[in-house]
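Report on the structure given below.
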Amino acid sequence: MKNHQTQVRVRYSETDQMGVVYHGNYVPYFEIGRVEWLRNKGISYKNMEESGIGLPIVSMQINYKKSARYDELLTIHTTFKSQSSVKIEFDCEIYNEANELLTTAVFILVFISLKTGRPTAPPDYILELFKTLE
Numbered sequence: 001m002k003n004h005q006t007q008v009r010v011r012y013s014e015t016d017q018m019g020v021v022y023h024g025n026y027v028p029y030f031e032i033g034r035v036e037w038l039r040n041k042g043i044s045y046k047n048m049e050e051s052g053i054g055l056p057i058v059s060m061q062i063n064y065k066k067s068a069r070y071d072e073l074l075t076i077h078t079t080f081k082s083q084s085s086v087k088i089e090f091d092c093e094i095y096n097e098a099n100e101l102l103t104t105a106v107f108i109l110v111f112i113s114l115k116t117g118r119p120t121a122p123p124d125y126i127l128e129l130f131k132t133l134e
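Numbering (my numbering), first residue to last: 1 to 134.
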């Protein structure tokens with residue numbers, strides 16, 4: 001399946017005095033979504049890093065539509081969009097409890113060797129996953 005959903009509750013420390021989520025806190029929400037997307041597919045990001053592969057963001061585009069607020073339960077939708085030799089792209093959305101779309105994003109990540117810091121091909125087990133998503 002190309003899609004996965006996970007939930008996170010907005011913590012007080014993620015908001016300003018008006019109870020609105022600070023814009024920079026959406027990036028970690030989207031990261032939770034991507035890590036849980038991988039976990040749902042049987043891939044541990046921790047194990048991938050321990051084997052010497054990293055997956056840093058090289059591009060992100062975020063569109064804020066409506067504010068998330070303190071104590072709301074947010075649903076993060078993460079959708080696999082595409083994969084090329086060393087890149088993977090995700091479309092992401094965050095909804096509030098009323099199912100209102102709050103934020104959209106597109107992320108491009110690159111598989112790198114943690115030893116060299118250079119782009120590298122994804123491990124075979126990830127390439128097998130990509131085949132099932134086509």
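Where a beta carbon is used, it is the ideal one built from N, C-alpha and C, also for glycine.
Is the separation between the beta-carbon of residue i and that of residue j shorter than 8 Å?
i, j, result
"Tyr64", "Thr103", "yes"
Identify which residue in the options has its Cα closest to the Cα of residue i.
i, options, result
"Leu127", "Arg118, Phe111 and Gly117", "Phe111"
"Lys115", "Arg11, Leu55, Ser13 and Leu129", "Leu55"
"Asn3", "Pro122, Thr75 and Gly117", "Thr75"
"Val27", "Asn47, Ile57 and Ala98", "Ile57"
"Lys41", "Phe30, Gln5 and Thr15", "Gln5"
Since residue i and residue j should fall inside the 8 Å C-beta cutoff, what is the C-beta to C-beta distance between them, to a whole number of angstroms?
i, j, result
"Glu100", "Lys66", "6 Å"
"Tyr22", "Glu14", "6 Å"
By Cβ distance, which residues of its chain are closer than 7 Å to residue i, with the 5 residues on each side in sequence left out?
i, result
"Val20", "Ser67 and Arg69"
"Pro122", "Phe111"
"Leu73", "Gln7, Arg9 and Glu97"
"Tyr29", "Val8, Leu74, Ile76 and Ile94"
In this structure, does DSSP put residue i in helix, strand or coil?
i, result
"Asn47", "helix"
"Asn40", "helix"
"Thr29", "Thr is not the amino acid found at residue 29; the sequence shown has Tyr there. It is helical."
"Phe90", "strand"
"Phe111", "coil"
"Val21", "strand"
"Ser13", "helix"
"Tyr125", "helix"
"Lys81", "strand"
Who are the near neighbours of residue i in its chain, counting only those whose CB is closer than 8 Å to its CB and skipping five residues on each side?
i, result
"Thr120", "Ile53, Val86, Phe111, Ile112 and Ser113"
"Glu49", "Leu114"
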